[in-house]
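Novice:
There are 2 protein chains.
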Amino acid sequence: MPLGDNLGDKSDSRYCGVETEFNDDMPHVLSCNVNGGFDFVVAPLGFSKLKMFAFTKFDKTGCLLIHYLDVEKLQAAEHMEPGYRPSLIDKASRDSTVLPFAGSDLVLSPSQWSSHVVGKISSWIDLDSEDDILRVDSEITLKQELAWASHLSLQACLLPTPKGTSCGNYARCVNQILQNLNNMQAVELTDSWELWNSFRVLCEHHSQLSIALDVLSSLPSANSIGRWFGEPVKAAIVHTDTFITNARGYPCLSKRHQNLLSRFFYYSIQIVLSGKPVHKLSGGNSAAGADHSDNYAQQAQRHPLRSYLDYVGYLYQKMEPLPEQERFELGYRDFLQSPLQPLMDNLEAQTYETFEKDSVKYIQYQRAVSKALVDRISDENASTTTVVLMVVGAGRGPLVRASLQAAEETGRKLKVYAVEKNPNAVVTLHSLVKLEGWENVVTIISSDMRCWDAPEKADILVSELLGSFGDNELSPECLDGAERFLKPDGISIPSSYTSFIQPVTTSKLYNDVKLHKDLLHFETAYVVKLHRLARLSPSQSVFTFTHPNYSPNRSNQRYKKLRFEMPNDTGSTIVHGFAGYFDAILYKDVHLGIEPSTATPNMFSWFPIFFPLRSPVYVKAGSPLEFHIWRCCGNTKVWYEWCVTSPTSSPIHNSNGRSYWVGL
Amino acid sequence: MPLGDNLGDKSDSRYCGVETEFNDDMPHVLSCNVNGGFDFVVAPLGFSKLKMFAFTKFDKTGCLLIHYLDVEKLQAAEHMEPGYRPSLIDKASRDSTVLPFAGSDLVLSPSQWSSHVVGKISSWIDLDSEDDILRVDSEITLKQELAWASHLSLQACLLPTPKGTSCGNYARCVNQILQNLNNMQAVELTDSWELWNSFRVLCEHHSQLSIALDVLSSLPSANSIGRWFGEPVKAAIVHTDTFITNARGYPCLSKRHQNLLSRFFYYSIQIVLSGKPVHKLSGGNSAAGADHSDNYAQQAQRHPLRSYLDYVGYLYQKMEPLPEQERFELGYRDFLQSPLQPLMDNLEAQTYETFEKDSVKYIQYQRAVSKALVDRISDENASTTTVVLMVVGAGRGPLVRASLQAAEETGRKLKVYAVEKNPNAVVTLHSLVKLEGWENVVTIISSDMRCWDAPEKADILVSELLGSFGDNELSPECLDGAERFLKPDGISIPSSYTSFIQPVTTSKLYNDVKLHKDLLHFETAYVVKLHRLARLSPSQSVFTFTHPNYSPNRSNQRYKKLRFEMPNDTGSTIVHGFAGYFDAILYKDVHLGIEPSTATPNMFSWFPIFFPLRSPVYVKAGSPLEFHIWRCCGNTKVWYEWCVTSPTSSPIHNSNGRSYWVGL
């Protein structure tokens, strides 16, 4: 039974699990907990000796191998005495082998196993022990239990935290298994990011290796926790003794824990409750009894962790529902899109349709044009002077409309040229002008602004050629061409734009890029609605372009070296790439942008851009991260190159624009 | 004119170059130096302004671009005043461009340019300067000079050392050029390994990026220098003031410098002389004059660096010539071979032929069998007792012969079973037995030793199933099968074998593996005659197998974690992989092996094995290197997995033997 409703959330964080001890009677365990309100159990995988089950097999050299297996139930893995370790089993029959067992796979239906049970691997295993026998026993146990879990099609298994500071052999065994399993997620439980990082690197960032976080009473710093939201955290295990007690004796969580759980929900991380009830809520407890009007019989049948579950459900339901905009964009979360090629390709009607709906953007443009008109023409000249305004890249007309509304609002007279290179958009533009009766004001020019031979010069040049990273859709190159027909004292709207960048952890995006198994995709910048990520350091400005620019030495090539310092309490981190944004000054104090700290609210035309790294860069706590980015211009294309030089050097990405470029 | 003859050496280190200053008259410069005994010159690339050369070109948007270029010779790049930097050229014609120029490409023939001239890039450039204008000028200059060098098909260019500690932008520009050039090697000159390492990583370990080392009077420690022999060092620039003066007033080098030059020659690194003569050897110098019987006229025409060149030639010629064995193996140096699959594939006659020539190996086996026979049978029983000796994996018979010779030498009576699975080798074995008249002593068994049903048990089991890494050709698995027919007190020859491993720097092998552009080749162990490499730490033992092994829990699976500490004075290093060896104890004190510190001399049956790393691991000075290796056994194959966990974690290589395995 999910935690409840929360508008817009259809993610897995609705489901809450509970950690259980070993019990022979799996159907009973499951029904108790499901009836008690939990959606799944995290249960130890039982262990047994199978008897008299034998099979024979010829190997290719013709020798006969016979395995004798015994059937005889043993104690739960959790309670296994050394006597039950594989190496210590009765040596009388040397070929006997212990197999994992949980009664039988028939005690639950396949769908019950796969949707309600998460396997828990024996916690005594230590695959990096200096004791060879313990190490080998641990390997055998891990493989057997995971094989059994796989046979049951469990959706996930919970592996114990590596015992020491070394995890080489543990990682190798898990990695061997990961290479073969396609239908199960192995969940790694650890409280140390460093150990996790080492483990996952050894396993080549395998996409089926995930994390379960233990949530204890004392929490690390916000920055330290923040790192985890870029990692593949699937579950958070909240122990009952993490709960505090409210005035009525009920379990509840501290404010910091509440906020943490909200973030878990937001990032689709499932909660698992663990431990014994530590809040005594017997029927005799007057406050509780009174509040819930439970009679004694009901109370007795209640799941012992029900009050904890109820509280988690309460937190889930009281979360702020997602705003409409966010709900609309749910499907885009962490989905990599290749940036547009607006110069080389003509946009489709659907694309215009989407962007034109972004009213916030056009309101900002209208405000900017209004201010520019008032600055340019005094009130006394308003009725006698006509301002020549050119919209370059007019599309289907939204900036023409915004400009005309600005003129109306300020009482200025306007002559508008609408320059558009896409002949399909020009068709729509003509019918708009006719429909609106703008024929006397608006002249439509079907031409590339870089080549148009203008009949007169403009007072105001209005354009919106910005990409997620500002200049990445070649606004600088287009406006270089258009400034030919701007008056020497003319105004460009926007008057400048700046790109911003910050390092991020994002396992999800890294794995999605890696899926392509080629260099090209690691050297491409993507447009993406970032969601599951950790922003490791505040963004810094990269390239600025100012318009008009009459400098004789102007160049659109750029180079920037940035040095990011992570906050001291973050700890070590891994950088999968860089998130990019822009901020544009349209006119004076009117700006528009997506840089997180100054983003224009409720604007949806731009998702951030993401520059990946071919190999994630490990940054030790306290080390600075040095990033270089170049904007390079050729005769037919513009491209970025980027690299990291500290703490270690990466290859230079996208040399000569070999993988990713924007055509001129 | 090469430095002289040295038996067996046909490498580029025979050629010696000289660094020259800029001079307009390139033909004169070249003839002077070639007549003076040098093979090539390292010359600055001159600079000029080309005049009145114009070209026009339409870009795709239909705009017209015109470049005006001026022709007017400027001073040499080496002497360029800031006034001649690209940014400071007369701005009257804004579109003018400076092009590199050296008189004309016609002053030398194409083959002279390509075989006798190495270009030297202007040393003032600083591509990572904080001064934007200097930086941009430097970029333009570098590109122009390299383009000019490429136009001339120069074999190499010498780039100045990066100015500061940062080289991001310098590396990007060089990398852009490297991606495009196919006919030129860019030589990077640096005295700092760290800076070189950063540079090359940024350039993705490009195979055309090489190093020229400056050799100065004071040399770093031997370990520090040793690192460079695993790097792509193409030339060593020896400055005249590095030379000391001998009793007769002639230039010579210190003992350490002499040894260093010998190593350069051995590793095919070319010497370039640089600087002005600092040893005054006028005709008046009596000792020199008397010694060389030069008359004054000859003396006057001698190249000013001739006495330095003669000394380098003298060092070259007095090098120990390569031993015959080494000369025979020249063609195998650093050539990657896939290891044999001796169980799955039958060896070819040619392979048997080669291995049978290794007399040293068979002498060791004969010594081992002799000792075992004497231990087993006392002198008094020698004539009455027949020893049953089985050669398992008899091939075409060399171990049968060695065993029979041991019997003759010790006066023991032998009954030999020669077991061989390759039916083709068995044919040869039959004719050998007939030819040698061994019919009464030797019984040939055409069978796989793992399945053979022996009619009696053996006193001595002789085998040679060893690979470069000891167990890698599955000797353990084969002998497990053969030990069934060894008497309980029987002797196995070999009685044990151990593998060894050590971390190495080897750019050459790394690049050869990388050339395949796939995972498979990075997860394969290769047999290779190692040459251009730096051994970073003494080798350590890995896996040991002992025969016979009657332990009830015996397993051929193995796991070893090794920790390598680099010597303190080495500095930081890069690890491209691990070199593997073996040592086998045949019987008591008779051993056989290729581990460098204990290798059996003049034995050529085994080259080392090389385990590559997918990404080279940077090890900071003083950091330990932690390596893990597993020997894994399945039903049909045996394989290794390996990884590094410190200073950083690598992926686990060859998980499940997905890339490389040996079939059972």
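Chains as they are written, first to last, in full-length UniProt numbering: chain W, 1 to 664; chain E, 1 to 664.
Here a beta-carbon is modelled for each residue, glycine too, at the ideal position from N, C-alpha and C.
1) Taking all protein chains shown into account, decide if W:Val278 is buried (16 or more other Cβ within 10 angstroms of its Cβ) or exposed.
2) CA-CA distance, E:Arg302 and E:His206?
3) Quick one, which residues of the region 134-165 of chain E are near chain W if we go by CB-CB under 7 Å, in chain order?
4) Tell me, which residues are paired with E:Tyr497 by DSSP?
5) Which same chain residues, not among the five before or five after E:Leu429, have their C-beta less than 7 Å away from its C-beta?
6) To the nearest angstrom, how far is the alpha carbon of E:Ile493 from that of E:Lys357?
7) Would a C-beta distance cut-off of 8 Å place W:Leu466 and W:Ala482 closer than the cut-off?
8) I need the straight-line Cα distance from W:Ser150 to E:Ile501, nearest angstrom please.
9) Rounded to whole angstroms, what is the Cα-Cα separation between E:Asp131 and E:Ser138?
10) Shorter than 8 Å from the beta carbon of W:Leu64 to some beta carbon of chain E?
11) DSSP three-state label for W:Ala599, please.
12) Closest by CA to W:Leu159, which one among W:Trp124, W:Gln179 and W:Ser646?
13) Report the three-state DSSP secondary structure of E:Phe53 (helix, strand or coil).
14) Kindly indicate if chain W contains any beta-carbon less than 8 Å away from that of E:Lys561.
15) How about W:Ile652: is its C-beta nearer than 8 Å to some C-beta of chain E?
16) So, using beta-carbon positions, are E:Arg135 and E:Asp334 closer together than 8 Å?
17) Got a sec, what are the start and stop residues for the alpha helix (DSSP H) E:Trp148 sits in?
18) Below 8 Å on the Cβ atoms is my guess for E:Cys157 versus E:Val215; work out the distance and round it to an integer in Å.
19) So, do the region 376-385 of chain W and the region 397-407 of chain W have three or more beta carbon pairs nearer to each other than 8 Å?
20) Taking C-alpha atoms, which residue in E:Ile574, E:Glu231 and E:Val590 lies nearest to E:Val617?
21) When the Cβ atoms of the region 564-572 of chain W are set against those of the region 319-326 of chain W, are three or more pairs found closer than 8 Å?
22) How many Å lie between E:Ser497 and E:Lys560 at the Cα?
23) Determine the DSSP secondary structure at W:Gly481, reduced to helix, strand or coil.
24) Can you find at least 3 beta carbon pairs, one from the region 519-531 of chain W and one from the region 619-628 of chain W, that sit closer than 8 Å?
25) Within 8 Å of any Cβ in chain W, is that where the Cβ of E:Trp630 sits?
26) Should E:Ser217 be flagged as near chain W, meaning a C-beta pair shorter than 8 Å?
27) Please classify E:Ile244 as buried or exposed, where buried requires at least 16 other C-beta atoms within 10 Å of its C-beta.
28) Which residues of chain W have a Cβ atom closer than 7 Å to the Cβ of E:Thr648, listed in chain order?
29) Look at E:Ser642 and E:Phe611 and say whether their C-beta atoms are less than 8 Å apart.
30) Mind checking the region 259-283 of chain E against chain W and listing, in chain order, the residues whose C-beta falls within less than 8 Å of any C-beta there?
31) If you measure from the beta carbon of W:Ala525 to each beta carbon in chain E, is any gap under 8 Å?
32) Any idea which residues DSSP pairs W:Glu19 with across the strands?
33) For a contact defined as C-beta to C-beta under 7 Å, what are the partners of W:Gln540 on chain E?
34) For E:Asn246, count neighbouring Cβ atoms within 10 angstroms of its own Cβ and tell me buried if that reaches 16, exposed if not.
35) Return the residue from the list W:Lys620, W:Val590, W:Phe582 and W:Ala621 that minimises the CA-CA distance to W:Trp606.
36) What separation, rounded to the nearest whole angstrom, lies between the Cα atoms of E:Ser307 and E:Leu152?
Specialist: Taking the geometry as given:
1) exposed
2) 41 Å
3) none
4) E:Phe545 and E:Ala584
5) Ala394, Arg396, Gly397, Ala418, Glu420 and Ile444
6) 20 Å
7) no
8) 37 Å
9) 11 Å
10) Residue placement at W:Leu64 cannot be trusted, given a pLDDT of 22 that sits under 50; the coordinates are not used to answer.
11) coil
12) W:Trp124
13) With a pLDDT of 22 at E:Phe53, under the threshold of 50, the modelled position of that residue is not reliable, and the figure given next carries that caveat. Reduced to three states, the DSSP call for E:Phe53 is strand.
14) yes
15) yes
16) no
17) Asp132 to His151
18) Actually they are not in contact, since the Cβ atoms of E:Cys157 and E:Val215 sit about 20 Å apart, beyond 8 Å.
19) no
20) E:Ile574
21) no
22) Here residue 497 of chain E turns out to be Tyr, not Ser, going by the sequence shown. For E:Tyr497 and E:Lys560, the distance between alpha carbons rounds to 15 Å.
23) helix
24) no
25) yes
26) no
27) exposed
28) Tyr618
29) Residue identity check: residue 642 of chain E is Trp in the sequence provided, not Ser. In contact: E:Trp642 and E:Phe611 (Cβ atoms closer than 8 Å).
30) none
31) no
32) W:Val42
33) Result: empty, since nearest Cβ-Cβ is about 16 Å, beyond 7 Å.
34) exposed
35) W:Phe582
36) 31 Å
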